[in-house]
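For the sequence shown, my numbering begins at 106 and goes up steadily by one.
In what follows, a single structure is set out as structure tokens and then discussed.
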Amino acid sequence: MIGIFPYRTEQEIKKLPRQTLIFITACALVHIITGSLQDQQLNNWINLTGYDFRFPPSALSSVFIHGDFEHLFFNMFFFFLFAAPLELVEGKRKFWILIIFTAFFSSYFYTLVLWIFSLWTSSSDPLQIYNKSIGASGVVSAFAMAYLVRFWRKKLYAVITVFGYPIPKRIVISAWVMVLAYWLTGDLVFGVLFQGILPITNINYFLHLGGFLAGLILSFHWQFWRKHQRDYYIEYAEDLALCPLTGAYAAHKTYQQALALDPENPEILRELARTSWQMGQNRESISYYRRAIDGFVKANKERELAEVYGEAFERYRLIFLSEYQLELARVLLKSGKWKPAEQALKFFCAGMELKGLEKKHGSIYIRARLVLAWILDHYVQKFDSAREIVIDLLHDFPEHPLLKYPAERVKRYAKGRELFKFNPDQPEFPFIRLQKQTAQSQVAEKLPWYKVRTRFFIGIPICILLFLLALIVLNWFLIGF
Numbered sequence: 106m107i108g109i110f111p112y113r114t115e116q117e118i119k120k121l122p123r124q125t126l127i128f129i130t131a132c133a134l135v136h137i138i139t140g141s142l143q144d145q146q147l148n149n150w151i152n153l154t155g156y157d158f159r160f161p162p163s164a165l166s167s168v169f170i171h172g173d174f175e176h177l178f179f180n181m182f183f184f185f186l187f188a189a190p191l192e193l194v195e196g197k198r199k200f201w202i203l204i205i206f207t208a209f210f211s212s213y214f215y216t217l218v219l220w221i222f223s224l225w226t227s228s229s230d231p232l233q234i235y236n237k238s239i240g241a242s243g244v245v246s247a248f249a250m251a252y253l254v255r256f257w258r259k260k261l262y263a264v265i266t267v268f269g270y271p272i273p274k275r276i277v278i279s280a281w282v283m284v285l286a287y288w289l290t291g292d293l294v295f296g297v298l299f300q301g302i303l304p305i306t307n308i309n310y311f312l313h314l315g316g317f318l319a320g321l322i323l324s325f326h327w328q329f330w331r332k333h334q335r336d337y338y339i340e341y342a343e344d345l346a347l348c349p350l351t352g353a354y355a356a357h358k359t360y361q362q363a364l365a366l367d368p369e370n371p372e373i374l375r376e377l378a379r380t381s382w383q384m385g386q387n388r389e390s391i392s393y394y395r396r397a398i399d400g401f402v403k404a405n406k407e408r409e410l411a412e413v414y415g416e417a418f419e420r421y422r423l424i425f426l427s428e429y430q431l432e433l434a435r436v437l438l439k440s441g442k443w444k445p446a447e448q449a450l451k452f453f454c455a456g457m458e459l460k461g462l463e464k465k466h467g468s469i470y471i472r473a474r475l476v477l478a479w480i481l482d483h484y485v486q487k488f489d490s491a492r493e494i495v496i497d498l499l500h501d502f503p504e505h506p507l508l509k510y511p512a513e514r515v516k517r518y519a520k521g522r523e524l525f526k527f528n529p530d531q532p533e534f535p536f537i538r539l540q541k542q543t544a545q546s547q548v549a550e551k552l553p554w555y556k557v558r559t560r561f562f563i564g565i566p567i568c569i570l571l572f573l574l575a576l577i578v579l580n581w582f583l584i585g586f
């Protein structure tokens, strides 16, 4: 028999897909556990024998159970192929929702279809609905369909197999050819013929079809097709921007089409700000820069925020006469861009003084001046200038609580000595207590793939095993010992 075996997707995997590896690890652990239970009666007692429609939680637990190593290996291989790109672009929340929804939907879809065939055809066995079903094939089908909707134009790299043996020649095919024309059509034909009309197969084709349908439902609910269209416009605009004559104008129009599909995307807004600047549309460019900065703040992307604000300030001297400016200064300093942070804070303080806001918003003004003093003290090594700023603040705002620590430092250390010993990540820093700087938003730096914390690979699979144990206990109460 001739077949097609995909082994890689065109969508790049730039980070470690942690949730995908967690699911694969959990399936492997459950396979080891079920393989060690030699006593069939014991295996039935703890209900690790597959999906039974009379016991709804088994629809989820059966996903982690596989018949043999070959069954486990190929399911996990194709699961990683399609799930890893989806996880990295859509996040872990949608990843697990898709798994749980598909587990229940595909299982009961397969039961319903078999029941319908038992009513319509005399050759169909009505007892088929009581057969146990195991494996993550339905979940794999759901992720394959979701991948198809999300990355419609992407290619798959595959090899042709003859009776299971691969021919050493790579072929490139479209994702829709593989998923729709090959897998979906094959499951439909073989399911109707060899599982519905003439039940002679052990492969659960209708479970696969239920997985395809579940993936399609959630893909359209989450509007994956709009995101794919947006990404297509972005990639097309990046190519248009390379044109030396009309690149900026053509790219600007294409980015606007992408923005219509995702109006709050900060990456698109940043590119629109850049193309507007290239075309000389300064007012429009400033508006896009402001919206992009807001978007990166909401998304808590500090590296991108530092880059886009540094760029906006360099081109337009863009500042915000609010506490917002202090957060931007913190991000710039954390990224090592102290020069634009210093210049932006100087403009900020001058703007507040020009509009007479330094008394009305004294706390914000004091913190901005203290940050300037810290920059002069820490980076420029102008210790006396930093001291003068603190002394001026003490004169203008006597007994202000924010100046308690700087006043102690001025009294304790003589001229020519460094005043401040903290850095932007320490809680003593003058502007660290902002609305956006909560404990949840201070996320640790991303670790390389070889330094990923152990809890992602041990803790969460243990939680999944505890969930299976809870299903066992529930089974005791519903079915009995």
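The C-beta atom is built at its ideal place from N, Cα and C for all residues, glycine as well.
On a predicted model such as this, the values are computed, not experimentally measured, just so you know.
- By the neighbour-count definition (other C-beta atoms within 10 Å, threshold 16), Tyr310 is a buried residue.
- Arg275 carries a strand assignment under DSSP once its states are collapsed to helix, strand and coil.
- Counting only runs of at least 4 residues, the segment 464-525 fully encloses the following alpha helix (DSSP H) elements, listed from N- to C-terminal order: 467-483, 488-501, 509-517.
- Beta-carbon to beta-carbon, Thr216 and Ile234 are separated by about 5 Å, close enough to satisfy the 8 Å threshold.
- Beta-bridge partners assigned by DSSP to Phe110: Val264.
- Distances from the alpha-carbon of Lys451 to those of Lys464, Ile494, Ile202, Ala411 put Ile494 closest.
- Inclusion of Glu432 and Tyr484 in the CB contact set at 9 Å is not warranted, their separation being larger than that value.
- Contact between Tyr262 and Phe187 is ruled out by a C-beta separation of about 13 Å, above the 8 Å threshold.
- For the pair Gly243 and Ser211, the CB atoms are nearer than the 9 Å cut-off.
- Thr226 and Trp281 have their C-alpha atoms roughly 32 Å apart.
- At a cut-off of 4 residues, the continuous stretches assigned as alpha helix (DSSP H) that sit fully inside the segment 331-366 are 352-366.
- In this structure, the beta-carbon distance from Phe256 to Pro190 falls below 9 Å.
- Between the beta-carbon of Gly316 and that of Ser223 there is about 22 Å, and that puts the pair past the 8 Å contact cut.
- Of all alpha-carbon atoms in Ser490, His357, Ile398, Asp399, the one lying nearest the alpha-carbon of Gln386 is that of His357.
- If the five residues before and after Asn370 are omitted, its C-beta is found closer than 8 Å to the C-beta atoms of Arg335, Ala363, Leu364, Gly400, all from its own chain and listed in chain order.
- Within the same chain, and ignoring the five residues on either side of Val515 in sequence, the residues whose Cβ sits closer than 8 Å to its Cβ are Arg492, Val495, Ile496, Leu499, Leu524.
- A residue is called buried once 16 or more other Cβ atoms fall within 10 Å of its Cβ, and Asn180 is buried on that count.
- Secondary-structure assignment with DSSP links Ser238 through a beta bridge to Tyr156.
- Taking a C-beta distance under 9 Å as the contact criterion, Met250 and Ile109 do not qualify as a contact pair.
- In the DSSP secondary-structure assignment, Tyr270 is bridged to Val267.
- Ranking Tyr341, Phe169, Arg159, Tyr112 by CA distance to the CA of Ile137 puts Phe169 first.
- Of all alpha-carbon atoms in Leu293, Ala208, Thr306, Phe209, the one lying nearest the alpha-carbon of Asn236 is that of Thr306.
- For the pair Trp201 and Ser238, the Cα-to-Cα distance works out to about 21 Å.
- In summary, Ile127 is buried, with 16 or more beta-carbon neighbours lying within 10 Å of its beta-carbon over all protein chains present.
- Spatial neighbours of Tyr156 in its own chain (CB-CB distance under 6 Å, excluding positions within 5 residues in sequence) are listed in chain order as Ser163, Ala164, Ser167, Ser212, Ser238.
- With respect to Arg396, Asp367 sits apart: the two C-beta atoms are not nearer than 9 Å.
- Nearest in C-alpha terms to Arg435, of all of Glu458, Val402, Gly461, Glu513, is Val402.
- Pro304 is classed as buried because its beta carbon has at least 16 other beta carbons within 10 Å across all chains shown.
- A distance below 8 Å between beta-carbons, with the five flanking residues on each side excluded, links Ile129 to the following residues of its chain, in chain order: Met181, Phe184, Phe185.
- Counting only the Cα atoms, Arg258 lies some 28 Å from Ala378.
- Distance from Gln430 to Phe453 at the Cβ level is roughly 5 Å; contact confirmed, criterion being Cβ atoms closer than 8 Å.
- Assigned with DSSP and collapsed to three states, Ser166 falls in helix.
- Lys460 sits in coil when the DSSP states are folded into three classes, being neither helix nor strand.
- Counting C-beta atoms within 10 angstroms of its own C-beta, Ala286 has fewer than 16 neighbours from the protein chains shown and is therefore classed as exposed.
- Rounded to whole angstroms, the gap between the alpha carbons of Pro271 and Val297 is 28 Å.
- With respect to Ile391, Tyr360 sits apart: the two C-beta atoms are not nearer than 9 Å.
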